[in-house]
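Student:
Number of protein chains: 4
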Amino acid sequence: MSHNLLAGKRGLIFGALNENSIAWKVAEKAVEEGAQIVLTNAPIALRSGEIYELAKKTGSEVIPCDATSVDDLSNLFTKSQEALGGKIDFVLHSIGMSPNIRKSRSYADLDYNFLDRTMNVSAISFHKMMQVAYKNDAIAEGGSILALSYIAGQRTYAGYSDMADAKALLESIARSFGSFYGSKKKVRVNTISQSPTRTTAGNGISGFNVFYDVADSMSPLGNADSESCADYCVTMFSDLTRMVTMQNLYHDGGYSTSGMSIEAVEMFSNHLESDKK
Amino acid sequence: MSHNLLAGKRGLIFGALNENSIAWKVAEKAVEEGAQIVLTNAPIALRSGEIYELAKKTGSEVIPCDATSVDDLSNLFTKSQEALGGKIDFVLHSIGMSPNIRKSRSYADLDYNFLDRTMNVSAISFHKMMQVAYKNDAIAEGGSILALSYIAGQRTYAGYSDMADAKALLESIARSFGSFYGSKKKVRVNTISQSPTRTTAGNGISGFNVFYDVADSMSPLGNADSESCADYCVTMFSDLTRMVTMQNLYHDGGYSTSGMSIEAVEMFSNHLESDKK
Amino acid sequence: MSHNLLAGKRGLIFGALNENSIAWKVAEKAVEEGAQIVLTNAPIALRSGEIYELAKKTGSEVIPCDATSVDDLSNLFTKSQEALGGKIDFVLHSIGMSPNIRKSRSYADLDYNFLDRTMNVSAISFHKMMQVAYKNDAIAEGGSILALSYIAGQRTYAGYSDMADAKALLESIARSFGSFYGSKKKVRVNTISQSPTRTTAGNGISGFNVFYDVADSMSPLGNADSESCADYCVTMFSDLTRMVTMQNLYHDGGYSTSGMSIEAVEMFSNHLESDKK
Amino acid sequence: MSHNLLAGKRGLIFGALNENSIAWKVAEKAVEEGAQIVLTNAPIALRSGEIYELAKKTGSEVIPCDATSVDDLSNLFTKSQEALGGKIDFVLHSIGMSPNIRKSRSYADLDYNFLDRTMNVSAISFHKMMQVAYKNDAIAEGGSILALSYIAGQRTYAGYSDMADAKALLESIARSFGSFYGSKKKVRVNTISQSPTRTTAGNGISGFNVFYDVADSMSPLGNADSESCADYCVTMFSDLTRMVTMQNLYHDGGYSTSGMSIEAVEMFSNHLESDKK
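Protein chains in written order, with the working numbering: chain C, 6 to 282; chain U, 6 to 282; chain A, 6 to 282; chain E, 6 to 282.
#1: Express the C-alpha separation of Asp-236/C and Lys-282/A in angstroms, rounding to a whole number.
#2: Residue range of the alpha helix (DSSP H) that Gly-187/E falls in?
#3: Let me know if Tyr-57/U comes out buried or exposed under the rule of 16 or more other beta-carbons within 10 Å of its beta-carbon.
#4: Have a look at Ser-127/E and Lys-140/A and give me their C-alpha separation to the nearest angstrom.
#5: Name, in chain order, the residues that DSSP records as bridge partners for Arg-15/E.
#6: Output the distance between the C-alpha atoms of Leu-153/E and Gly-227/E, rounded to the nearest integer angstrom.
#7: Helix, strand or coil: how does DSSP classify His-98/A here?
#8: Determine which residues of the segment 188-222 of chain U have a Cβ less than 8 angstroms from any Cβ of chain E, and write them out in chain order.
#9: Beta carbon of Ala-60/C, beta carbon of Leu-44/C: below 8 angstroms?
#10: Within 8 angstroms, do at least three Cβ pairs link the segment 12-23 of chain A to the segment 179-187 of chain E?
#11: Taking the continuous beta strand (DSSP E) assigned at Ala-151/C, which residues delimit it?
#12: Check whether the Cβ atoms of Leu-51/E and Val-137/E sit closer than 8 angstroms, and answer yes or no.
#13: Distance check for Gln-199/C and Ala-21/C, CA to CA, integer angstroms please.
#14: Can you check the segment 188-230 of chain U for any alpha helix (DSSP H) of at least 4 residues that lies completely inside it and give the ranges in chain order?
#15: Give me, in chain order, the residues of the same chain whose beta-carbon lies closer than 8 angstroms to that of His-256/U; leave out the 5 immediate sequence neighbours on both sides.
#16: I need the straight-line Cα distance from Glu-268/A to Phe-119/C, nearest angstrom please.
#17: Hey, quick one: how far does the alpha helix (DSSP H) through Leu-51/U stretch, first residue to last?
#18: List, in order along the chain, the chain E residues whose C-beta lies closer than 9 angstroms to that of Leu-174/C?
#19: Tell me, please, whether the segment 142-149 of chain C touches the segment 94-107 of chain C by the rule of three or more beta-carbon pairs shorter than 8 angstroms.
#20: Which chain A residues are close to Tyr-162/C, counting only those with a beta carbon under 8 angstroms from its beta carbon?
#21: Among His-132/A, Thr-202/A, Arg-203/A, which has the Cα closest to the Cα of Ala-171/A?
#22: Exposed or buried, what is Thr-262/A when buried is set at 16 or more other beta-carbons lying within 10 Å of its beta-carbon?
#23: So, using beta-carbon positions, are Asp-121/U and Asp-167/A closer together than 8 angstroms?
#24: Would you say Val-239/U faces chain C, with C-beta separation under 8 angstroms as the test?
#25: Out of Ile-156/C, Ala-88/C, Lys-191/C, point me to the one whose CA is closest to Arg-247/C's CA.
#26: With a floor of 4 residues, list each alpha helix (DSSP H) that falls wholly inside the segment 64-131 of chain E, ordered by position along the chain.
#27: I think Thr-161/U touches Ile-27/U, with their Cβ atoms under 8 angstroms apart; what is that distance to the nearest whole Å?
#28: Exposed or buried, Asp-221/C, counting other C-beta atoms within 10 Å across all chains shown (16 or more means buried)?
#29: How would you label Glu-176/C, buried or exposed, when you count the other beta carbons within 10 angstroms and need 16 or more for buried?
#30: Using a Cβ cut-off of 9 angstroms, pull out every chain U residue sitting near Glu-33/C, in sequence order please.
#31: Using a beta-carbon distance below 8 angstroms, is Ile-106/E in contact with chain U?
#32: What does Phe-182/U touch in chain A if you count any residue whose Cβ is under 8 angstroms from its own?
#33: Nearest to Ile-129/C by CA position, among Asp-116/C, Tyr-112/C, Arg-110/C, Ser-99/C, is which residue?
#34: Any idea if Ile-49/U is buried or exposed, counting beta-carbon neighbours within 10 angstroms, 16 or more meaning buried?
#35: Starting from His-256/C and walking both ways along the beta strand (DSSP E), at which residues does that stretch end?
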């Protein structure tokens, strides 16, 4: 059921790869809630072609953009405003990639060129996107910018490697640019720290199933899925949250403040018992 | 403009005193968004009679309740469900009072009976409300419970005295009960940490104007007002945020993560200059 | 090996019950480091008589005090200064007790008289101690006051019940009084958030073994024991940390910032595997 | 007065430039407390020659090292162990530099080559240092690694620009590597978040005087100076803090948890009054 929460709004969605992507669900929901959107992703991610199904379904244009390229971003914001007929009201940044993780390099054996790449793709791209948008005055006053993050920005998860550092940097960029953009244009910038989610990116992480299952048992509501994440993003794009900025918002079924749930105590009790046998 | 975000939902609003109250605005917005509500407040707070205007305007019943009394709360939940025709979907706790502040007692000269009263009225009432609701199975599955808090739960504000400790306790109770209620009934519990707001309660605090003005200059978006707070509460009552629980959510124009805004640097530069002259 | 870190300092230690108590170890270490101390505990806790062994070993006096009684505290500070020959330089508050936990009442079935008692014994006693000390000008300029806390003040642990809320309140009182005492007398106030520790108090908590074992496997250094906690307290009492105040300091082998350690991934992998079989 | 807290320990100190540097004071204190140390800095920072006075005073060797160069770091750890006669027990990372700040580029007009340089010098150098140390097994079991940070990692300070993001990244690297190094070698890694300090680096930041003065008036104990910071570092290098890891420790006179001190209320009251006249 639509509430027309985003009626008349124009949005830009980075990072929809396939129907498991959170960005994919956000795109669907945003349109359902009355928005017009443009979809974008890196040229290489467009190859599979799945995004064009989403474009068709949502009546939206696809504009390729390597989010680490200032030129590509300039082109994207220009073209998006043309396609949508005005300034952008909301943006989703759902981009993350670590060559160190892909190559299974341990955190004490990082390749520093890979690390630069992780930072540039997963975090600095967020700054570039906002700097380009700001210089081109492409975001409407009161606009809302979101990036997807993960609690690894605060706590360590063995196997998540340099992506943890990228998330910490991403969240800092949200605060820093949010301060600037808020003062100048009332544009707000937040990150959503999402439960582990079975996406293509998530599945690439060693130990992901453990993070997923333990988080699920630790969270009083269980892990949040991508559908509910998309719903949450919609509220953050809407005017109803117009005074929320520079926050890292946990969307995680309560995981972040759960030391040990009832379910987890029971589960671990059994295991610890059996370990002692 | 209504989005019917709360269509079909039943709510209970504690703490509307007069039209400056945040709870007052929440009541209005919730009804605007399609909810049916019951209003409640302590018998003494009902005396001025203003709440009956709100009741009239929102088509809602007023049920007196001293939120520190388990009996009153039991009666309230029973009567509310009768009045609304079913289980409660959302609750707002907007209650706070410190006799130590009223009597201008310094933080190193607290009266301990007053302190007990501050804790009981401002924080433990939140536990009682939830315990009574839980025992009476009065909240619908997936329901949403909110309490209003203030950043004094994390940082000290000279003059805010024992209310700071009450807010820390309130936020802890939200997490603790949120864990329990989430596991058992998918009910979620959060606090909203609101900008200083010109309410009857706020105005009773010595130094309030300084908190207000400094927060306003420190926050990139300025202080959040009670209208925007009510809008934010509506999103938290809606199903769109169904996986958010056990969080303390800053609704503050960015104050909580602002060390020093551009405006504040300018303001202080002038003042510090003039101090040196 | 002693470093004479507390040479010439006078201390007051609350809460040593037996040799498993953290306060017991702190007393020993403080004396080893050159301090003179007074030991205190509630009359009922003195009955077992073990504390007199500690008093003998450390050459210190025992002064009974119910820390919820302002009169007892006044007497304690007066007598302690007499015994030690001057103002107090450091204080340890290691006091916590929940009748709700003792009576195994669930968090949604709290007895409210018990809850008041939990708060009074475990948290408000800390305020009383400082208010009495302040009014009697019993703490030397630059003095250091510590209370022992637990991460349940930030995250929920099933079974820890209303003690979680007491710890949140305790930590808030540390900040609030620390702000006041720092401004007035350069006295600093901090809490140490300690790993689960096998003390008499810890062993009374249902699920304690699970908290303990999981925390141990989650912490890169393993759980911190009471010996190392005592060493840490000594640094916080010393002048070397004179500018640290109003902090909650994790002494936990890294647990608080560990989402999932290497060891935990391995342990859980095995268990989750076996669950699926 | 020395406590011989670091007797027999070997340390490596990065970043002493001149006698205003925090690293300079740490070097002096560490030696006073019984340690032997090696001093290092970038070749360009050694040019002024002041560090050789410190070397003379502390009886230590200076080994030049560009901390962004893995080769330089390898050489440094090899030579340092030779000079000190064994594995390193403690390391201080006090390195930060932003070409964007030097060139007064606004946060919405960053040069991205400069940004890469800020991240590499100020944050990634910390990872490189630890990775090189780990691969060469250069740190003794139980060793302690510290980096100096600033609260801009959590809150925005207009004018601090991309250094805020560098500090967030630095603190994340501390957690991530701390998790790894703790599990493998019991080595602990922490950051100290220091008050604004009048160093050469601090003075280069526009608005620094405002940060400094406001922080001083907001902090119940006033700003922490570099002497007290050095004392605090000594406790963190000592064995007394052996179970503290992966923490960001505020050394700031209480600033981080002070919303508004008594002094600040008074100061602002006067200013806000005069603004209204």
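Just so it is clear, CB atoms sit at the ideal spot from N, CA and C, and this is done for glycine as well.
Tutor: This is what the structure holds:
#1: Confidence at Lys-282/A is low in this model, with a pLDDT of 48, below 50, so the placement of that residue is unreliable and no value is reported for it.
#2: Element bounds for Gly-187/E: 167-190.
#3: Counting of Cβ neighbours within 10 angstroms places Tyr-57/U among the exposed residues, the total staying below 16.
#4: Cα to Cα, the separation comes out at about 47 angstroms.
#5: The partner list for Arg-15/E (beta bridge, DSSP) reads Gln-41/E.
#6: If you take the alpha carbons of Leu-153/E and Gly-227/E, they lie about 19 angstroms apart.
#7: If DSSP states are grouped into helix, strand and coil, His-98/A belongs with the strands.
#8: So the list reads Gly-212, Asn-214, Val-215, Phe-216, Asp-218, Val-219, given in the order they occur along the chain.
#9: Yes, Cβ-Cβ distance for Ala-60/C and Leu-44/C is below 8 angstroms.
#10: Flag = no, the segment 179-187 of chain E and the segment 12-23 of chain A do not touch.
#11: The sequence given here places Leu at residue 151/C; Ala does not occur at that position. For Leu-151/C, the enclosing beta strand (DSSP E) stretches over residues 144-154.
#12: No.
#13: Rounded to the nearest whole angstrom, the CA to CA distance from Ala-21/C to Gln-199/C is 16 angstroms.
#14: Taken in chain order, the whole alpha helix (DSSP H) runs of length 4 or more contained in the segment 188-230 of chain U are 205-208, 213-223.
#15: Within the same chain, His-256/U has close Cβ partners Ile-197, Ser-198, Gln-199, Ser-200, Ala-229, Ser-233, Cys-234, Tyr-237.
#16: Rounded to the nearest angstrom, the two C-alpha atoms are 26 angstroms apart.
#17: Boundaries of the alpha helix (DSSP H) harbouring Leu-51/U: 48-51, taken from the DSSP string.
#18: Ordered by position in chain E, the residues that pass the 9 angstroms Cβ test against Leu-174/C are Met-124, Ala-128, Asp-170, Ala-171, Ala-173, Leu-174, Ser-177.
#19: Of all C-beta pairs linking the segment 142-149 of chain C to the segment 94-107 of chain C, three or more are shorter than 8 angstroms, placing the two stretches in contact.
#20: Residues of chain A whose Cβ lies closer than 8 angstroms to the Cβ of Tyr-162/C are, in chain order, Gly-264, Met-265.
#21: Of the candidates His-132/A, Thr-202/A, Arg-203/A, the one whose C-alpha sits nearest the C-alpha of Ala-171/A is His-132/A.
#22: Buried is the call here.
#23: In this structure, Asp-167/A does not lie closer than 8 angstroms to Asp-121/U by Cβ.
#24: It does: the Cβ of Val-239/U has a partner Cβ on chain C nearer than 8 angstroms.
#25: The shortest C-alpha separation from Arg-247/C is found at Lys-191/C.
#26: Within the segment 64-131 of chain E, the complete alpha helix (DSSP H) runs of at least 4 residues are 75-89, 104-107, 117-124.
#27: Rounded to whole angstroms, the Cβ separation of Thr-161/U and Ile-27/U is 23 angstroms, and the two are not in contact under 8 angstroms.
#28: Here Asp-221/C is buried. Its C-beta has 16 or more other C-beta atoms within 10 Å.
#29: The residue in question, Glu-176/C, is buried, as its Cβ has 16 or more Cβ neighbours within 10 Å.
#30: Residues of chain U passing the Cβ test: none, with the nearest at roughly 14 angstroms.
#31: No, no contact with chain U.
#32: Taking the beta carbon of Phe-182/U as reference, the chain A residues within 8 angstroms of it are Tyr-112, Ala-113, listed in sequence order.
#33: If we check each option's Cα against that of Ile-129/C, Ser-99/C comes out closest.
#34: With fewer than 16 Cβ atoms within 10 Å of its Cβ, Ile-49/U is classed as exposed.
#35: For His-256/C, the uninterrupted beta strand (DSSP E) segment begins and ends at 253-256.
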